[in-house]
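When we follow our numbering, the leftmost residue of the sequence shown carries the number 3, and every step to the right adds one.
Glycine included, every Cβ here is placed at the ideal spot set by N, Cα and C.
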Amino acid sequence: FESSLEVTDNRSLHSLSIDALTQIDGDTNIVNNDALKAFSMDGLQHIGGSLFIADNRSLSAFYLDSLETVSDQVSIDNNASLTKLIIDQLLSTGGDLHIARNDTLRTLSFSDLTKVHGLSIVDNERLASFTLDELTTISSWVEFDNNAVLCQSLADIFVDALEQLGWSGELYGADLADC
């Protein structure tokens, strides 16, 4: 058990593998590592704080294949080379799920995620699809905005399904593509 994990401001770190770690009691921050292309924490099952993966301009892949819970928020922000974001084992977050400003992100999948506080998917210029099939509980708000190729109809279907489950939170944003 580690109290927190911080990998920040490493200009020459190209890859990172910490697969034996199963739990982090505090925050996990992978931030501002310009040369980082990939990292893996395949054994990690629980984060007791927040997960921040941000400002890693060369990051094209990361692997959190066993991650099931994050007690606070998950933020994947401004990773310019990230094309796919798949964390399918994640079941719940105690905070918001924030996916923003990942310019080359095309695919987003949290297929087993059932619960978040708020959901924000914004400014991902190439995002064309998302999978949140099991998401049935959003305590607060949903925001889809400035995802240039994401079809408005996909967001509408998602929000309609939430409303049929009784969700009545705030909906923000409407700047999506007409497909």
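What residue from the options has the CA that sits closest to residue i's CA?
i: T95; options: E70, S14, N104; result: E70
i: D27; options: S6, N34, N12, E165; result: S6
i: R59; options: L173, D11, S170; result: D11
i: I185; options: A40, I88, A37, L93; result: The chain is shown from 3 up to 181; residue 185 falls before or after that span and cannot be answered.
i: D114; options: T106, S170, I88; result: I88
i: L137; options: E127, N148, R128, E165; result: E165
i: N35; options: A82, K86, D180; result: A82
i: L107; options: S14, D125, S142, L121; result: D125
i: L173; options: L121, R128, N148, F132; result: L121
i: L110; options: V118, S17, D135; result: D135
i: W169; options: R128, K117, A179; result: K117
i: W143; options: A40, Y65, H119; result: H119
i: Q47; options: E8, L15, V72; result: V72
Please look up how many angstroms separate the CB atoms of residue i and residue j, rounded, as I've assumed it's under 8 angstroms.
i: G45; j: L23; result: 6 angstroms
i: Q91; j: D74; result: Incorrect: roughly 18 angstroms between the Cβ atoms, too far for contact.
i: F146; j: A130; result: Rounded, the Cβ-Cβ distance is 13 angstroms, inconsistent with contact.
i: V76; j: L61; result: Not really, about 15 angstroms apart at Cβ, beyond 8 angstroms.
i: M43; j: I20; result: 5 angstroms
i: I1; j: F132; result: Residue coverage of the chain in this structure runs from 3 to 181, which leaves residue 1 outside it and unanswerable.
For residue i, count neighbouring Cβ atoms within 10 angstroms of its own Cβ and tell me buried if that reaches 16, exposed if not.
i: L167; result: exposed
i: D162; result: exposed
i: I159; result: exposed
i: A56; result: buried
i: D29; result: buried
Check whether the Cβ of residue i lies closer than 7 angstroms to any heavy atom of the ligand ADP, and answer yes or no.
i: V118; result: The model on display carries no ligand, and the ligand ADP is accordingly not part of it.
Subject >> Contiguous beta strand (DSSP E) assignments of at least 3 residues, all confined to the stretch 38 to 108 >> reply: Correct list: 40 to 42, 53 to 56, 63 to 65, 76 to 79, 86 to 88, 99 to 102.
Original post:
Does the stretch 145 to 154 come within contact of the stretch 92 to 99, defined as at least 3 CB pairs closer than 8 angstroms?
Top reply: With the cut-off at 8 angstroms, the stretch 145 to 154 and the stretch 92 to 99 do not touch.
Original post:
If you scan the stretch 135 to 166 from start to end, which runs of the alpha helix (DSSP H) of 4 or more residues do you find wholly inside it?
Top reply: Runs of the alpha helix (DSSP H) spanning 4 or more residues and lying entirely within the stretch 135 to 166 occur at 154 to 166, in chain order.
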